[in-house]
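Worksheet for the structure shown next.
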Amino acid sequence: MRHLILLLVSISIQLCSALVSANEVTVNNGFYLDSKARFHPVFAKQGMVVSQEKIASKVGADILAAGGNAVDAAVATGFALAVTLPRAGNIGGGGFMLVHLAEKQKTIAIDYREMAPAAAYKNMFLRIDGEVDHNKARYSTQSAGVPGTVAGLIYAQQKYGRLSLNETIKPTINLARHGFEVSPDLSDSLRSRYDRLRKYPSTKRYYYKANGSFYMPGDRLLQPDLGATLARIGAYGVDGFYKGKTASLIVNQMQKTGGLITLDDLANYRVVEREPVCGEYRAVSLCAMPPPSSGGVHLIQMLNILENWQLSELSHNSAAHLHLMIEAMRQAYADRSLYLGDPDFVPVPSRELISKEYAAKLSALIDSQKARSSATIFPSLNILDTNLPVESPETTHFAVWDSDGNVVSNTYTLNFSYGSGIAVEGAGFLLNNEMDDFVSKPGAANGYGLVGGAANAIEGYKRPLSSMTPTIVFDASGAPILATGSPGGSTIITIVLQMIINMVDYNMGVAEATAAPRIHHQWLPDKVYYETGISSDSLKLLEAMGHIVHENPRVLGATQSISRSGSRLQGASDPRRHGGSVAPQ
Ligand code: DON
840 MRHLILLLVS
850 ISIQLCSALV
860 SANEVTVNNG
870 FYLDSKARFH
880 PVFAKQGMVV
890 SQEKIASKVG
900 ADILAAGGNA
910 VDAAVATGFA
920 LAVTLPRAGN
930 IGGGGFMLVH
940 LAEKQKTIAI
950 DYREMAPAAA
960 YKNMFLRIDG
970 EVDHNKARYS
980 TQSAGVPGTV
990 AGLIYAQQKY
1000 GRLSLNETIK
1010 PTINLARHGF
1020 EVSPDLSDSL
1030 RSRYDRLRKY
1040 PSTKRYYYKA
1050 NGSFYMPGDR
1060 LLQPDLGATL
1070 ARIGAYGVDG
1080 FYKGKTASLI
1090 VNQMQKTGGL
1100 ITLDDLANYR
1110 VVEREPVCGE
1120 YRAVSLCAMP
1130 PPSSGGVHLI
1140 QMLNILENWQ
1150 LSELSHNSAA
1160 HLHLMIEAMR
1170 QAYADRSLYL
1180 GDPDFVPVPS
1190 RELISKEYAA
1200 KLSALIDSQK
1210 ARSSATIFPS
1220 LNILDTNLPV
1230 ESPETTHFAV
1240 WDSDGNVVSN
1250 TYTLNFSYGS
1260 GIAVEGAGFL
1270 LNNEMDDFVS
1280 KPGAANGYGL
1290 VGGAANAIEG
1300 YKRPLSSMTP
1310 TIVFDASGAP
1320 ILATGSPGGS
1330 TIITIVLQMI
1340 INMVDYNMGV
1350 AEATAAPRIH
1360 HQWLPDKVYY
1370 ETGISSDSLK
1380 LLEAMGHIVH
1390 ENPRVLGATQ
1400 SISRSGSRLQ
1410 GASDPRRHGG
1420 SVAPQ
């Protein structure tokens, strides 16, 4: 079983990461120094967009220059990525947007996560022998939840934007209709996923040439069906996707390929604006995504635990520093497995999990010299004297900052690279496979090796638990100083944790914090994952403490961040993946 979980984690890490082709110039274990605009400063009055794809960053920056605010630019970037970064940018998936409104000094969380179709049920991915049918949960039409992206982007635009939807979506309609130049990253990525994506005629037609050959860097990719869908959205708003022609095309796809999403499910999709989950860590405060993402709660929980130790007195990424982070991670992911789910369906004890009192009790259980075994760590809120409710792992991030100090931190996804791999015939976009983020069977690992239980069981209209962690950090006066987030499935939360620790405890700038090598632990499997750059001396010491050190995954995540210092914004697009960029340049 343990081997199976390990295998699943390593397959998922590969599914999530960009493919490195033999002729690319890479430095430092897959660091792409392909763009001059990876790390870039501008004056705050210009505003800034940082995303995984340079055309999309520019679309956002152009919207800022045209008088749009951070939300307008985020919406424009979100739509553009659906065309230029089809492995993760999407209109057939879902995500989370954190918005800091400068004038109101308020941060809000927009939940546009996919919802299970009404006909979904707990055991829908179990085979007759009671085991999980992973193929069905990840690569069938049934793996798709009702997409939330279009509703989420339009909600944000209409409530918090300054421009019209038409103005923000227009550049993207043009990109889809008139095409754009295929980047080396997109060319490689499509080539590497050919075996999976060619299975559905619609997907094959949209992403490969009519003669079956690959798009090469410099070729033009035109997506007329997607352009028509985007134009319907531009003309009719949410109804252009959730009703009418687009909805019919989605339902036709379902009927042809055994999917569950109905016209009613589409019409019933709802965006939820939520209170973000916020906390304090040393001299800063931060807000991040609340459930149905587990990201914010466990990010704050881990920071609270680590606040009980003077990390700055330990050398950065020394064994002593890594050990404490691992022990905090181990506990947080154990808690995640039991307590976290969609708060509209199950009571989630967020307040208790992020309390300083719980963190103090948990940190007292950590021995600074010795690793614990995950077999001895359990979800532990019972150590608090509190009445708990009885009920009981390709994504992309972007950050936007405008000249008024409004900030957007947005992570959205199709789940795996290219989601389910199934494109809606006639509508030109890929369906997510987010249903695999539910627990199909207690204790059975999902695509990221994550285990869970009843709180995250499948139910009609429920949202699958996520790890996406769009985050905004504030200084002591409450002014935003960092917007960050990452792809990486289950590793997202620990990646954002390390960004914050690098900057707060180790005083790194955002570029240095981004480039620093990362580790990851998620309770089960009981392994420390690490990137090249973590010293072998530290690793040997960790092993001597009792940690099980796993062979190196290539890279962990791909953060897209903006930090502010005085009147200067500094953008940092993670060099771990190809193609990201800061705009304007
Ligand atoms: O919501 C989640 O936690 C996952 N569906 C995210 C997937 C992901 O980050 C894939 N990326 N590399």
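In terms of the numbering used here, the numbers along the sequence shown are unbroken and rise by one, the last being 1424. Even for Gly, the Cβ is constructed at its ideal location relative to N, Cα and C. A quick note: this is a predicted structure, and the numbers were derived from the prediction, not measured.
Q.
Applying the 10 Å Cβ sphere with the 16-neighbour rule, what's the burial state of Asn1226?
A. Locating residue 1226 in the sequence shown gives position 387, where the first residue counts as 1. Unreliable positioning characterises Asn1226 in this predicted model, as indicated by a pLDDT of 44, which lies under 50. The coordinate reading is nonetheless provided below. Burial call: exposed.
Q) What whole-angstrom Cβ distance do Val1247 and Met887 have, given they're in contact under 8 angstroms? A) By 1-based counting over the sequence shown, the position of residue 1247 is 408. By 1-based counting over the sequence shown, the position of residue 887 is 48. That pair is no contact at about 11 angstroms.
Q. Looking at the unbroken beta strand (DSSP E) that takes in Ile1205, where does it start and where does it end?
A. For the purposes of this step, residue 1205 is identified with residue 366 of the sequence shown, where counting begins at 1. Neither: Ile1205 is in no beta strand (DSSP E) and is coded neither H nor E.
Q: Determine the burial state of Arg1059: buried for a count of at least 16 other Cβ atoms within 10 Å of its Cβ, exposed for fewer.
A: Position 220 of the sequence shown, counted from the start, is the residue given in the question as residue 1059. Exposed, because fewer than 16 other Cβ atoms sit within 10 Å of the Cβ of Arg1059.
Q) From Arg1403 to Phe882, what distance separates their C-alpha atoms? A) Taking the sequence shown and counting its residues from 1, one reaches residue 1403 at position 564. Taking the sequence shown and counting its residues from 1, one reaches residue 882 at position 43. Distance between the alpha carbons of Arg1403 and Phe882 is about 9 angstroms.
(Q) Per DSSP, what are the beta-bridge partners of Lys945 in this structure? (A) Taking the sequence shown and counting its residues from 1, one reaches residue 945 at position 106. Leu940.
Q. Cα separation between Tyr960 and Ile1297?
A. Within the sequence shown, residue 960 is the residue found at index 121, counting from 1. Within the sequence shown, residue 1297 is the residue found at index 458, counting from 1. Looking at the two C-alpha atoms, the distance is approximately 5 angstroms.
Q.
Under 8 angstroms: do the region 1123-1143 and the region 1298-1308 share three or more Cβ pairs, one atom per stretch?
A. yes
Q) How long is the line joining the alpha carbons of Asn1013 and Gly987, rounded to whole angstroms? A) Along the sequence shown, read from residue 1 onward, the residue named residue 1013 stands at position 174. Along the sequence shown, read from residue 1 onward, the residue named residue 987 stands at position 148. Each residue's Cα considered, the two are about 23 angstroms apart.
Q: Go to Arg1030, then tell me how far its alpha helix (DSSP H) extends in each direction, as first and last residue.
A: Locating residue 1030 in the sequence shown gives position 191, counting from the first residue. Segment 1023-1031, the alpha helix (DSSP H) holding Arg1030.
Q.
Are the CB atoms of Asn1156 and Ile1331 within a distance shorter than 8 angstroms?
A. Residue 1331 sits at position 492 when you count from the first residue of the sequence shown. Residue 1156 sits at position 317 when you count from the first residue of the sequence shown. Not a contact, by the Cβ cut-off of 8 angstroms.
Q) According to the Cβ coordinates, are Val1077 and Gly1000 closer than 8 angstroms? A) Position 238 of the sequence shown, counted from the start, is the residue given in the question as residue 1077. Position 161 of the sequence shown, counted from the start, is the residue given in the question as residue 1000. The answer is no: Cβ separation not under 8 angstroms.
Q: Ignoring anything shorter than 4 residues or poking outside the region 1045-1127, list the alpha helix (DSSP H) runs there in chain order.
A: 1063-1075, 1078-1081, 1083-1096, 1102-1106
Q | Option nearest Glu953 by Cα separation, candidates Arg966, Ala983, Tyr978, Asp972 | A | Counting from 1 along the sequence shown, the entry for residue 953 is found at position 114. Taking only the C-alpha atoms, the option nearest Glu953 is Ala983.
(Q) To the nearest angstrom, how far is the alpha carbon of His1381 from that of Phe1237? (A) Here residue 1381 is taken as the residue at index 542 of the sequence shown, counted from 1. Here residue 1237 is taken as the residue at index 398 of the sequence shown, counted from 1. Here residue 1381 turns out to be Leu, not His, going by the sequence shown. C-alpha separation (whole angstroms): 34 angstroms.
Q. For Asn1254, which residues of its own chain have a beta-carbon under 6 angstroms away from its beta-carbon, when the five flanking residues on both sides are left out?
A. Start at 1 with the first residue of the sequence shown, and residue 1254 comes out as number 415. Closer than 6 angstroms at Cβ, skipping near neighbours: Asn1271, Asn1272, Glu1273.
**Q.** Three CB pairs or more closer than 8 angstroms across the region 1338-1353 and the region 1249-1267
**A.** no
Q: With DSSP collapsed to three states, give me the class of Val1187.
A: In the sequence shown, counting from the first residue as 1, residue 1187 sits at position 348. Reduced to three states, the DSSP call for Val1187 is coil.
(Q) What does DSSP give as the partner residue(s) for Trp1362 in the beta ladder? (A) On the sequence shown, position 523 is the one that residue 1362 refers to. Trp1362 pairs with nothing; no bridge assigned.
Q. Could you give the distance in angstroms between the alpha-carbon of Gly1327 and the alpha-carbon of Lys1009?
A. Start at 1 with the first residue of the sequence shown, and residue 1327 comes out as number 488. Start at 1 with the first residue of the sequence shown, and residue 1009 comes out as number 170. Cα to Cα, the separation comes out at about 30 angstroms.
Q. Is Pro1326 near the ligand DON, with its Cβ less than 7 angstroms from a heavy atom?
A. Position 487 of the sequence shown holds residue 1326. At least one heavy atom of the ligand DON is nearer than 7 angstroms to the Cβ of Pro1326, so yes.
Q. What are the residues that DSSP puts in a beta bridge with His1236?
A. As a working mapping, residue 1236 is identified with position 397 in the sequence shown. Answer is Thr1250.
**Q.** Exposed unless 16 or more other CB atoms sit within 10 angstroms - verdict on Arg877
**A.** In the sequence shown, residue 877 corresponds to position 38, counting from 1. Result: buried.
(Q) With DSSP as the reference, identify every bridge partner of Leu965, one or two as the case may be. (A) Here residue 965 corresponds to residue number 126 of the sequence shown, with the count starting at 1. Answer by DSSP bridge pairing, in chain order: Val971.
Q: Would you tell me roughly how many angstroms separate the C-alpha atoms of Gly1291 and Leu1177, rounded to the nearest one?
A: In the sequence shown, the residue the question calls residue 1291 occupies position 452. In the sequence shown, the residue the question calls residue 1177 occupies position 338. Approximately 6 angstroms, taken between the alpha carbons.
Q) In terms of residue numbering, what span does the beta strand (DSSP E) encompassing Leu1323 cover? A) Position 484 of the sequence shown holds residue 1323. Here residue 1323 turns out to be Thr, not Leu, going by the sequence shown. That run of the beta strand (DSSP E) goes 1319-1323.
Q. So, using beta-carbon positions, are Ala976 and Leu1099 closer together than 8 angstroms?
A. Within the sequence shown, the letter at position 137 stands for residue 976. Within the sequence shown, the letter at position 260 stands for residue 1099. Their beta carbons are not under 8 angstroms apart, which means Ala976 does not touch Leu1099 by this criterion.
Q) Can you tell me the Cα-Cα spacing of Phe1019 and Lys893, whole angstroms? A) As a position in the sequence shown, residue 1019 is number 180, starting the count at 1. As a position in the sequence shown, residue 893 is number 54, starting the count at 1. So the two alpha carbons sit approximately 12 angstroms from each other.
Q: Apply the 10 Å Cβ neighbour rule to His1017 and answer buried if 16 or more other Cβ atoms are within range, or exposed otherwise.
A: By one-based count along the sequence shown, residue 1017 stands at place 178. By the 10 Å Cβ count, His1017 comes out exposed.
Q) Does the distance from the CB of Val938 to the CB of Ile949 come in under 8 angstroms? A) Within the sequence shown, residue 938 is the residue found at index 99, counting from 1. Within the sequence shown, residue 949 is the residue found at index 110, counting from 1. Yes, the Cβ-Cβ distance between Val938 and Ile949 is below 8 angstroms.
Q) Is it the case that the CB of Ser1305 approaches a heavy atom of the ligand DON more closely than 7 angstroms? A) As a first step, residue 1305 is located in the sequence shown; it is residue number 466 there, counting from the start. The answer is yes for Ser1305.
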